[in-house]
Amino acid sequence: MNSQTRPISPHLQVYKPQITSVLSILHRITGVGLAVGALALVYWLNSAAYGPEAFARTQEFMATWFGRLLLFGWTWALFYHLCNGIRHLFWDAGMGFGLTNVNITGWIVVFSSIIFTFGSWFLGYGMVGG
Amino acid sequence: MSLQSDLGKVKGLGSSKSGTSHWWAQRVSALALIPLTLWFVYSAMKFIGMDLFAFRAWLNEPGSVLLLSLFLIALFYHMQLGLQVVIEDYVHGEKNKIFLLLINKFAAVLFAISSLVAIIQIAYGG
C-alpha cells in the first residue's frame with residue numbers, strides 16, 4: 004500500500020500550545036541540553052586530570068560571558084528537569100493527575116526552576132564574590 | 025516460505041518481555057539523582073574560579089570522590105536511558121536507529137569511565 008496517499012492524523016502544529024504540552028516537550032529538550040552539559044563536565048574533569056594549565060584554560064573559558072551563559076542555561080535546564088522530573092515521579096505514583104492539579108504543579112515547576120536558578124547564582128556569586 | 029501465522033511472527037516481540045525494566049531504571053536513577061544533583065549544584069558553586077590545587081584539595085575532602093562518582097554514574101546511566109527514548113522516537117530508518125542507539129550506549133560508558141578515571145588521577149595521582 005502506498006503510505007503517501009493514506010490519511011494521516013493531525014500533527015502537532017494544529018494544536019494550540021498549552022502549559023501541559025509545552026512543559027512536556029521542554030522536559031525532553033532540557034534533557035538533551037543537559038546531555039551536552041554532561042559532555043562539558045567530562046571535558047572539565049579531563050582537563051583537570053591533564054594538568055594545571057589545561058584546567059586553568061577551561062576555567063578561564065567558563066568565566067567568559069559565553070561560558071557563563073552556557074552555565075546559566077545548564078543551571079536552569081537542570082533545575083527545570085529536576086523539578087518537572089519530581090512532578091513526573093508523583094504522576095508515576097498515581098498522584099496529581101486531575102487537570103487542575105496538572106496546571107498548578109506545572110506552574111510551580113516553572114516558577115521554582117527560575118527561583119532555584121537565580122538563587123543558586125546569587126549564592127554562587129556570594130561564595131566567590133564575582 | 026514460513027508457515028507461521030502473522031500473529032505467531034509478532035508474538036513475543038516488542039516490549040512484551042522487558043518493556044518495564046527501562047521505565048523502572050529511568051525512575052530509579054531519577055530518584056538517586058535528586059539528592060546527588062542538589063549536592064553537585066552546591067559543590068559547583070565552590071568550583072567557580074578554582075585552580076587545580078584547590079580542586080584537588082576539595083576532592084580530598086571526605087565524601088567528595090564518593091559522591092561525585094555516584095553522581096556521574098547515575099547521571100550517565102540516566103542520560104543513556106533518556107537519549108535512547110529520544111532516538112527511538114525520532115530516528116526512523118532502522119539502520120540509523122540501531123547505529124545511534126549503539127553510539128549512545130558506548131558514549132555513555134566512555135564518558136562515565138573517563139570522568140571516573142580523571143577523578144582518581146586528580147585526587148590520588150602525583
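Residue numbers (the working numbering), protein chains in the order written: chain A, 4 to 133; chain B, 25 to 150.
We treat Cβ as the ideally placed atom computed from N, Cα and C, and that holds for glycine.
Small disclaimer: the values here were computed from a predicted structure and weren't measured.
Is there at least one Cβ from chain A nearer than 7 angstroms to residue i's Cβ?
i	result
Leu-145/B	According to the sequence displayed, residue 145/B carries Gln and not Leu. It does; some Cβ of chain A falls within 7 angstroms.
Gly-106/B	yes
Leu-76/B	yes
Ser-139/B	yes
Phe-130/B	no
Gly-73/B	yes
Val-65/B	yes
Ala-81/B	no
Thr-44/B	no
Phe-135/B	yes
Does chain B have any CB closer than 7 angstroms to the CB of residue i?
i	result
Met-130/A	yes
Leu-48/A	yes
Val-25/A	no
Leu-126/A	yes
Ala-189/A	In the structure displayed, chain A extends from 4 to 133; residue 189/A sits before or after that span and is not available.
Ala-80/A	no
Leu-85/A	yes
Ser-116/A	no
Gly-88/A	yes
Ser-123/A	yes
Quick check on this structure: which residue in the options has the alpha carbon closest to the alpha carbon of residue i?
i	options	result
Ser-123/A	Gln-28/B, Leu-62/B, Gly-32/B and Leu-31/B	Leu-62/B
Gln-104/B	Trp-47/B, Ser-26/B, Arg-80/B and Gly-36/B	Trp-47/B
Phe-119/A	Thr-8/A, Leu-85/A, Ala-51/A and Glu-56/A	Leu-85/A
Tyr-128/A	Ala-66/A, Val-17/A and Ala-59/A	Ala-66/A
Thr-126/B	Gln-108/B, Ser-139/B and Val-141/B	The sequence given here places Leu at residue 126/B; Thr does not occur at that position. Of the candidates Gln-108/B, Ser-139/B and Val-141/B, the one whose C-alpha sits nearest the C-alpha of Leu-126/B is Gln-108/B.
Ile-77/A	Asn-87/A, Gly-36/A and Asn-106/A	In the sequence as displayed, the identity of residue 77/A is Trp instead of Ile. That would be Gly-36/A, whose Cα lies nearest to the Cα of Trp-77/A.
Ile-22/A	Met-130/A, Leu-126/A and Trp-110/A	Trp-110/A
Phe-125/A	Leu-31/B, Lys-35/B and Val-65/B	Val-65/B
Phe-135/B	Val-25/A, Leu-44/A, Lys-19/A and Ser-24/A	Leu-44/A
Leu-26/A	Met-130/A, Ser-116/A and Val-131/A	Ser-116/A
Gly-70/A	Gly-73/B, Leu-96/B and Ser-88/B	Gly-73/B
Leu-74/A	Asn-106/A, Met-130/A, Phe-121/A and Ile-28/A	Phe-121/A
Leu-42/A	Lys-35/B, Thr-44/B and Leu-96/B	Leu-96/B
Ala-131/B	Ala-38/A, Ala-57/A and Ile-107/A	Ala-38/A
Phe-82/A	Lys-19/A, Gly-54/A and Thr-33/A	Thr-33/A
Gln-16/A	Gly-40/A, Ser-24/A and Pro-10/A	Ser-24/A
Phe-114/A	Ala-80/A, Tyr-18/A, Leu-102/A and Trp-68/A	Ala-80/A
Could you give the C-beta distance for residue i and residue j, rounded to a whole number, given that I count them as a contact under 8 angstroms?
i	j	result
Ile-71/B	Phe-79/B	Reading the sequence as shown, one finds Phe at residue 71/B and not Ile. At roughly 7 angstroms, the Cβ-Cβ gap stays under 8 angstroms, so Phe-71/B and Phe-79/B are in contact.
Ala-54/B	His-102/B	6 angstroms
Ile-20/B	Leu-83/B	Coverage of chain B is limited to positions 25 through 150, which leaves residue 20/B absent and any answer about it impossible.
His-30/A	Asn-87/A	5 angstroms
Leu-124/B	Ala-98/B	Not confirmed; about 23 angstroms, so no contact.
**OP:** Select from the segment 54–67 of chain A all residues with a C-beta closer than 7 angstroms to any C-beta belonging to chain B, and list them in chain order.
**Re:** Taking 7 angstroms as the Cβ-Cβ cut-off against chain B, the residues of the segment 54–67 of chain A that qualify are Pro-55, Phe-58, Ala-59, Gln-62 and Ala-66.
**OP:** Could you tell me whether the segment 51–64 of chain A touches the segment 87–105 of chain A, using the rule of 3 or more Cβ pairs below 8 angstroms?
**Re:** At 8 angstroms Cβ cutoff, the stretches do not touch.
**OP:** Please list the residues of the segment 32–45 of chain A that have a C-beta atom closer than 8 angstroms to any C-beta atom in chain B, keeping them in chain order.
**Re:** The segment 32–45 of chain A vs chain B, Cβ under 8 angstroms: Gly-34, Val-35, Leu-37, Ala-38, Ala-41, Leu-42, Leu-44 and Val-45.
Original post:
Per the contact definition of three or more C-beta pairs closer than 8 angstroms, is the segment 47–54 of chain A in contact with the segment 98–109 of chain A?
Top reply: no
Original post:
Of all the residues that make up the segment 115–130 of chain B, which are near chain A by a beta-carbon distance shorter than 9 angstroms?
Top reply: none
Original post:
Between the segment 89–103 of chain B and the segment 140–150 of chain B, do at least 3 Cβ pairs fall closer than 8 angstroms?
Top reply: yes
**OP:** Return the residues of the segment 48–59 of chain B that lie within a Cβ-Cβ distance of less than 9 angstroms from chain A, sorted by chain order.
**Re:** Arg-51, Ala-54, Leu-55, Leu-57 and Ile-58
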